[in-house]
Amino acid sequence: MWRDHKILGTKIGRIALSLTLGAAIAVGLTGEGSVKAADPVGSSAASLSFRRLSQDQYRQSIADIFGSDIKVSGRLEPDPRREGLVAIGVANASVGAAGFEQYDAAAREIARQVTDPAHRDVLIDCKPRAASGADEVCARQFLGKVGRLLFRRPLDAGESDRFSALAGRVAAEKKDFYSGLSTSLAAMLESVPFLFRVERAVPDSNTTVGGLRLDAYSIASRLSFLMWNAPPDDALLSAAERGELSTDAGLGRQVDRMLASPRFEHGVRAFFTDMLVLDDLDGLQKDPAIYPRFSNRLAADAREQTLRMIVDTLVRRNEDYRSLFTTRRTFMSRSLGLLYGEPVTSVGGWEVHEFAAGDPRAGLVAQPAFLMAHSHPGRSSPTLRGKAIREVLLCQKVPAPPPNVNFAIVQNVKDPRFATARQRLSAHNTEPMCSGCHKLMDPLGLSLESFDGAGAMRSQENGSPLDLGGALGAETFAGAQGLGLALSKDPALSSCLVNRLYSYGTGSALDQELPWLEQIRARYETSGLRIRDLIRAIAINDAFYRLSPAVAPATVTIANDRKETPRGS
Amino acid sequence: MAHDITRRNLFRSTLKGMAVTLCVPVLDMVLNSSGEAFAATGTALPVRFGSWHWGCGMNPDRWTPNATGAAWEITPELQHLARFRGDINLFTGYAALLDGRANEPHVSAVWALRTGYAPKSKEDIRDPSFDHVIAGAIGGGVRFRMLNMAATGSETDSYSSSGGNAINPPEISPLGLYQRVFGPGFKDPNAGSFAPDPDTVLRHSVLSGFNEERAALLREASAADKQKLDAYFTSVRELEQQLSLELEKPAPAEACVRPTVMPKELPASTEIEQVTASHKLMTDLLVMALQCHQTKVFNMVFSPSASTLRKAGAADTHHMLTHQEPVDDKLGYQPDATWYSQRSMEQLGYLLDKLTTAQEGGKPLLDNMLLYAHSDTSFAKMHSLDEMPVIMAGKAGGRVKTGLHIREEGAPVSKTALTAMRAVGLKAGAFGSDSMQTTQAVTEVLV
C-alpha cells in the first residue's frame, strides 16, 4: 500500500529526521492544565466555542505581535458574511482544505521572516548558547512569550514542553537553532488556538440563575477584538491573569486605557468596514467605457475617504453617529478630486475638504463609496441604493423579489418614454406584486439619482432632467441632503448601530431584544450617540460576557463533558 | 490502514444530514494496488469527475431536442457541442423542487441541484454538494482532493460546499492555479531521479502531530463547533496527505509535461473576452493537472449564477439582459442574452476539446472521466426551476453509455447528481432531501 501512513512514517524516519512523528507536537488547549492556566476563576467546568480569525484580524495579529516589518503574503481563507456581518460569518466558518494550505504557507513565511538574520535580534529577546544547535532555555522563553500573545492566553505546561521540544529536535537535526524556532512558530501559527478565537465559558458565579460566562482570557479577547479588532496586548492579558477583568473597576480601567489607545481608531475602522460592507469595494468592477474615471485606485480611495470621515467625526471629534449623515467635512485624494471636480494639490496625501452649505455631496450616503458599491457596473440603481439604506443602515430586511417578475421596462433605457430610472421604476411598479417592496427602497434611492453608477454628480439621465424627490416613512425631501437629514432623525438608525455593535462583538445575530442593550440605546439616543460612549457602555457591561440562561442550552452540564453543548450566544 | 480511518471520519462529517450510504470506494483501492503502473500500462486508469457551471441558463425551446434516446438531433443552442454528440448525454426536463420554500433567484435552484436541498438563501446551504461527496470518495491518492476554479476571478463564484454554509473557494487566476499545482510542491512524475525534500519531510511530521489536540478540543465543543473543528482537522489531514505524496516517487504519467511558461497575472474581470481568456488558460492547466495525476476532482465556474458577464462598453450584464431584453418577435428569443449562453457553450466545447485531445493509455482523457455541466436556471428571465439544463460528458472509464438524450419532465434534478455519483463508482443509495430525495439514478446511461 503505497499510501499507507505507517510505511510512510518509517520511510521518513529512515530517510531524514529522527523525529518522533505523532508525538512531535500537539498544539492547543489540552486537558486540565490549560483550564487552570487560562481560567483564574478556577473552575474546570467549561465549554468552548470557536470563531475563526477574519483576514483583518489575522493580519492585525501578526502586525501587533511582530511589527509591520513582517509581511503576510498571499491569500487567506475568504471571509464569509452572514446576517449582514463578517463578524457573524467567521464565527460560523471553519477552514477548508484550500484555506489551510494558505494558512500553512503564510505561517511558514511569517516564521521564516521572524527568525531570519534581519529580524531575529529585534524580535527574539534571547540568544542561544550557539546558533548551530538547540537551546532549550532560550527556545522556551521565546515560544512562551510569543505563544501567549498568539494564543491570547499563556501556553499550558504541555504546550510549552511540546513546542520547545519540537524546536529542540529540529535545531539539533538541522544544526540550526533558528530553524527549530521557526518550525515551532509556524506550527503555532496554523493551530486552532491561533486561527480560532477560542471562547471558554464557565459557570457564572455572579448570578443566582445559573448560566455561563466567559473566563478572564476570553473576556480579554472579546474586549480587544471589539475595540481594536486585534488580539489582547500584554497589559490586557496581565490584567486577565490578575483577575482584574472580573471586577467593575478593573474592567473599566482596561476599557478606558483601550479607548485612549491609537489602536481604537483601527477598531472603529474595522467595525464600520464590516457594518457598511466596505469590503465590497475591493473587487468592484465598472465598465471603463461608461465610467472612464473609475479604477481600482478610485474605489480604494473612496473606501478610505469614508473611513477617514468616520474616524475624524466619531473618534477624533467625538461627534454623534447621526452627524455622519449630514456632515459637510470630508477628505479628498487626487483621484477623488478628479471625480468630484475639486482641486487637490497634495500629491500622495489626503486633504480635508469642507463642502459649502447646501452641497448635495455632504454626508455618508452621498459619498462615492456608498454610491458606487450599490450600483450596477454600467448604471446607477435607486433600488440597490435604497435596499442598502434599509438593510445596512437601518437593519431592516427587504424581501427578495418574486422570481417571475417582468423587469423589461425597468432597464429598457432605449425606450424614450423611460429615460430616467424614476420613469422606468414607476412603470414597473404598476405591478402590485412589485410595488410593495419597491416602496421600501425606491423613494430612498431616487433621491440619490444626481449621482451616477461611479458616484459622480450629474444633472440628467439620458438627456432628461432628474426629479430627486424622496421619502422615508412620513418624511419627504428632495435630494441627497434631504435624505441624509431624514436618516439622521430616524430612530432605526441608532438601534441598528447598537445592534450591530453587539453582533460584531459577540459574533451572533441579535434574535431577541436584550433589556440591557435596549437601555444603552435609549440612554445614548437622548444624550448623544457617541461611539466611545456606546462601545464603553457595552464593554463594561457584565451581560456582554454572559451567556444568558435563556439562550444557553439546557444540556450544558458540568459533570458530563461528552454531552453536546450547543451555544446560543 | 490509517488512511481509511481518516476517510471514514471525513465521510461522517461530510455526509451529516444526508441520506447517503457509501462504501469505502472500490476505485481508490483498485488504484492504489496498481497505482505505480497505472499510467504507464494504461490499466486501471483513475476515473475523474469534474463539474462545469455557466450562469443564466438557456432557452428551452431552442435547446431541447424533440427525440429522446439515441436518435436526437443537435438543436440551435447545442451547435457548439455538435462535434461531441457521441460523447455526451443530454438531460432535459429535470426540475429543482423547493418544498414550499421561496425561490431565491439564482440561489435556490443551483444549490438544490448541487446539494439536493433548495436553500432559502445563500446562508442556508445546509448539506455538502455532490462534487464534495465524490471528492471525499474518489479524490484521494493525488495531491489535491479537489481543485476549484472561477474564470471570473471572484472568490465567491463556487457551487461546491462541504455543508454548513462553507463554500470551497476557487482559484481565481491562471497564475494562482499554476502556482498551486505546478509550483514548488510539484514533483515531475517523469523525472528520472527522485529525492524527498527534507523540508517536506519536516512539514509532514509537524502536521502529523496536529491530530493530538483534536480529541481534547472536541470534548468541550458545542455541536456547531464540533463541525467546525472536524472541518479544520480534515483540512490539516488533507495537507498532510498531499505532503506525503510529495515524499513518494510519483508513478510515471505518460502525458504529463510541466507547463514551462507561467501565465501572466490577469486582473480579475467579468468582461467576457477576459473571462474567456482566463477560462482557456485555466482549462489548459487543469487538463495538464489531470494528466499529471495532481487531482481527480474539479469544479470550474465559467460564469456565476446571475451571470456577471458583460461586453466592454455595455451598461448591462448578461444577467440584466435576461430580464430586460424583450423577446424578439421574429426570432422568438432574446438575441443579446442568448449570445452569452452561446459563448458559454463555446467554452464548454473548448474544455471538451482539450479533454478529447489529451490522451492516456491510447484513449481520450474524457473516456476516463465524467464531466457534469449545468446552469442555475433554464429560462433566466423567469428564474425557471424546471427544465434545468444538464449535460454529462465522458464514459467514466466504461461505466457510462453516451450519445443519449434523456428526458424526464418534472423529475428532481437530484437524480442526475445521483447518476453522476454512481457513474464514478460511489455506492450512493440516495441523494437529496424531501421531494428532492431520490434513490433512483438514470439507469439508461449507466452500464
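Line order of the protein sequences matches chains S and V. Following our numbering, the numbering of the first sequence begins with 1 at its first residue and continues without gaps. Following our numbering, the numbering of the second sequence begins with 570 at its first residue and continues without gaps. Think of the CB as a built atom: it goes at the ideal place given N, C-alpha and C, for glycine as much as any other residue.
- Contact check for V/Arg976 and V/Leu1015: beta-carbon distance about 17 Å, past the 8 Å limit, so the pair fails to qualify.
- Look at V/Val844: its C-beta is not under 9 Å from any C-beta on chain S.
- Taken atom to atom, the span from the alpha-carbon of S/Leu485 to that of V/Glu692 is near 34 Å.
- Under a 10 Å Cβ-count criterion, S/Ala93 is classified as buried, with 16 or more other Cβ atoms of the shown protein chains found around its own Cβ.
- For the options S/Thr326, S/Tyr504, S/Phe194, S/Ser381, the alpha carbon positioned closest to that of S/Leu53 is the one of S/Phe194.
- Of the candidates V/Thr839, V/Gly626, V/Ala942, V/Val830, the residue whose Cα lies closest to the Cα of V/Ile741 is V/Thr839.
- Sixteen is the threshold: since fewer than 16 other Cβ atoms of the shown chains lie within 10 Å of the Cβ of V/Ser762, the residue is exposed.
- Checking the DSSP bridge columns, you'll see V/Gln928 partnered with V/Pro933.
- In this chain, the beta strand (DSSP E) harbouring V/Ser731 covers 730-732.
- Within chain V, no C-beta atom comes less than 7 Å from the C-beta of S/Gly211; the nearest is roughly 15 Å away.
- Taking 3 residues as the shortest admissible run, the stretch 705-743 of chain V contains the following complete beta strand (DSSP E) segments, listed from N- to C-terminal end: 716-719, 730-732.
- Beta-carbon to beta-carbon, S/Ala139 and S/Leu181 are separated by about 6 Å, close enough to satisfy the 8 Å threshold.
- V/Asp885 has a beta carbon lying within less than 9 Å of a beta carbon in chain S.
- Inclusion of S/Leu487 and S/Leu394 in the CB contact set at 9 Å is warranted, their separation being smaller than that value.
- Any Cβ of chain S closer than 9 Å to the Cβ of V/Gln860 would place that residue at the interface, and such an atom is absent.
- Of V/His848, V/Leu746, V/Thr985, V/Ala906, the smallest CA-CA separation from V/Lys950 is found for V/Ala906.
- Under the 9 Å criterion on CB atoms, V/Met627 is classed as non-interfacial with respect to chain S.
- With respect to V/Thr886, S/His376 sits close: the two C-beta atoms are nearer than 9 Å.
- S/Ser488: member of the alpha helix (DSSP H) spanning 479-489, first to last residue.
- Counting along the chain, the unbroken beta strand (DSSP E) around S/Thr330 starts and ends at 329-332.
- At a cut-off of 9 Å between C-beta atoms, S/Ala289 counts as an interface residue with respect to chain V.
- With a threshold of 9 Å between beta carbons, S/Ser246 makes no contact with chain V.
- Within the stretch 222-300 of chain S, no complete beta strand (DSSP E) segment of 3 residues or longer occurs.
- What V/Thr907 touches in chain S, judged by beta-carbon distance under 8 Å, is nothing: the nearest beta carbon there is about 16 Å away.
- Nearest Cα to S/Val268 within the set S/Cys496, S/Thr313, S/Trp228: S/Trp228.
- At least 9 Å separates the CB of V/Ile841 from every CB of chain S.
- In the structure shown, V/Tyr663 falls within a coil segment according to DSSP collapsed to helix, strand and coil.
- Contact annotation: the stretch 113-132 of chain S does not touch the stretch 762-777 of chain V, with fewer than three C-beta pairs closer than 8 Å.
- A straight-line Cα-Cα distance of about 18 Å links S/Leu472 and S/Cys434.
- No Cβ-Cβ contact shorter than 9 Å links V/Arg654 with V/Thr644.
- Inclusion of V/Pro697 and V/Gly669 in the CB contact set at 9 Å is not warranted, their separation being larger than that value.
- For S/Thr183, the chain V residues whose C-beta falls within less than 9 Å of its own C-beta are Leu771, Arg772, Val775, listed in chain order.
- For S/Leu472, there is no enclosing alpha helix (DSSP H); the residue is part of the beta strand (DSSP E) that begins and ends at 469-472.
- Shown here for S/Ala131: same chain residues with a beta carbon closer than 6 Å to its own, the five before and five after excluded, namely Phe177 in chain order.
- Bounds of the beta strand (DSSP E) holding S/Glu199 are 196-203.
- S/Gln460 has S/Pro465 as its beta-bridge partners, per DSSP.
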